[in-house]
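Quick note, the sequence shown lines up with residues -34 to -1, 1 to 439 if you use mature numbering (1 follows the signal peptide of the UniProt record, and there is no 0).
Think of the CB as a built atom: it goes at the ideal place given N, C-alpha and C, for glycine as much as any other residue.
All values derive from a computational prediction rather than experimental measurement.
Let me begin by presenting the structure, written as structure tokens, before commenting on it.
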Amino acid sequence: MIGGGSVRVRQAVRLGIPVLVATMIAAGPGLATAAPAAPDVGPAGTALIHGDLASTDSTPHPGPGPSGRLAASSVPGGACSAVFVGSDGMPVALCTAFVNLAPPDVAVPTVQLFDPATAAPLASLPLTKGGLLGGVYGYLDSRDRVVVADGSGSITKVAHRRDADGRWTLFADERIDVAPHIPEGDAITSVAPDFQGRIWFATTEGVVGTVDTAGRVGVTRLPDGEKLTNGLSIRRDGASVLTARALYEMRADDTGTPVVRWRRDYAAGAARKPGQLAPGSGTTPTYFGPDDSWVAIVDDAERPELLVFRADDGAPVCRMPAFETSGQGTENSPMAWGTSLVVPSTYGFAYPPMATSGPSDPPNATFVGGMTRIDVTESGCHRVWESTDRMASLPRLSRADGLIHGLAYGPAGPVQQLGPVYYTAVDFHTGERRAHRQVGFAPLDEPLQLTGTIAPDGSYWQATIGRMLKITG
């Protein structure tokens, strides 16, 4: 059903403090670029969970588009939270295996390698179990190794190769032990490379640290109660860290120790909203705008607001209600292109209990879905459109074709996890639906807000709770 869906176009303006900008980048094909790659990160668009270090959830590659169809699939024995494609064209994913045989265990984080043609699993490597998000946030380095934290307090670099018999194998090529810097009972939630060759890491209980190329570790402990359940975003001279209470801009000093440049509180509810994994904002911060000079989050108010700050000093740029007709909450990072943001709603999305931090308040809510584009200017921010598509994976914005790609459900029914699952593409400029084709059926293909990627050949790799899908045009 191409061209379907409902879009509301508005100019709901709420001005913040004006920001004088020497050069504004217009949002549109060919006029805006993503953050430049860091020295030790893999191919552009396919090496990081949120697309690039700025967490724009965008890609330079075109997706399947209106002719998108399911070309291949497999059953990897677990749900894969993120998919990367290396310079060798091999898809590799961070997954949670339902059952691990050696040693026997359940819900084990793993790294899995897939056949680029058939999507068949080729190799798997279990990791040590840790916290809620351990093994979820990782990236590919410049040698196509998956860099991921595990429950042992190590940052592990997982490589792949063929053995003497020609079979693919995954192995731990390097381990960096940061356990002495992490309190007992704490766990690393995210890792990210910076432009100086360091690896940043953050833990659930508020330890933020870096490891340099010589293995030296520097850490900072945030105030008690500043829990972290989101990813890190990186720009050339800073890192954005979002806790359950506040947004931080940090930088590493000469010793590699993270120091706080500024901190801004935001409206944070006391309980987890339905459709979010933990209390507080569910968004990974997004750097965007001229030279990544702005940073955006969505807060956790009853009616959440989009907040945009100047990255250098934390001065407010603008704020406005994140949603009008969509569900009032999100677990997903805003997508960014130039000076535009696109925010999908996840309010009411039903996650498995094992994936969340506890009961939500209210206990249940209908997953309405919806997605909205908000443009930011010198004088504030305004809504361009709001759609009704029920995106059920973390969408990816293509700067090559101007489409937002993801998996979606149809109209809401009595049970979220039962029914057709569609490959859906939405026009960034208008919010209109450009592709909508069934590629699966829940519960086997519950998308679970998992993260896919678009390869240079235009194929869209996306996991569901039961399968790995390869969708092509």
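- For Y232, there is no enclosing beta strand (DSSP E), as DSSP marks it with neither H nor E.
- Counted as a single uninterrupted DSSP element, the beta strand (DSSP E) harbouring K436 occupies residues 434 to 438.
- Three or more pairs of CB atoms, one per stretch, sit closer than 8 Å, so the region 390 to 401 contacts the region 21 to 39.
- A distance of 7 Å or more separates the beta carbons of G235 and S292.
- In the displayed model, P413 falls within coil according to three-state DSSP, outside both helix and strand.
- Looking at the DSSP output, R356 sits in a beta bridge with Y375.
- I370 and M301 do touch by the CB rule: their CB atoms are close to 7 Å apart, below 8 Å.
- Rounded to the nearest whole angstrom, the CA to CA distance from D219 to D129 is 43 Å.
- Counting only runs of 3+ residues, the beta strand (DSSP E) found wholly inside the region 65 to 141 occupies 70 to 80, 87 to 92, 104 to 106, 112 to 115, 120 to 128, in chain order.
- Close CB contacts of A267 within its chain, under the 7 Å cut and outside five residues either way in sequence, are with A233 (chain order).
- Straight-line measurement puts the Cα of G424 at about 17 Å from the Cα of F80.
- Proximity to L188 across T249, F50, A262, M216 peaks at M216, based on C-alpha coordinates.
- Three or more pairs of CB atoms, one per stretch, sit closer than 8 Å, so the region 409 to 421 contacts the region 357 to 375.
- Of the candidates I431, N196, V185, G222, N196 places its Cα closest to the Cα of L243.
- Under the three-state reduction of DSSP, M320 is assigned to helix.
- When Cβ pairs closer than 8 Å are counted between the two stretches, the region 42 to 51 is seen not to touch the region 327 to 342, the count staying below three.
- Straight-line spacing of the CA atoms in L14 and T186 works out to 24 Å.
- Non-local C-beta neighbours of D143 in its own chain, meaning closer than 6 Å and more than five positions away in sequence, comprise S120, ordered along the chain.
- When secondary structure is reduced to three states using DSSP, P224 falls in the strand class.
- Cβ contact annotation for D327 (same chain, cutoff 6 Å, sequence separation greater than five): A237, in chain order.
- Of all C-beta pairs linking the region 58 to 77 to the region 104 to 119, three or more are shorter than 8 Å, placing the two stretches in contact.
- Within the DSSP bridge table, the entry for H348 names D341 as partners.
- Secondary-structure assignment with DSSP links A45 through a beta bridge to T62.
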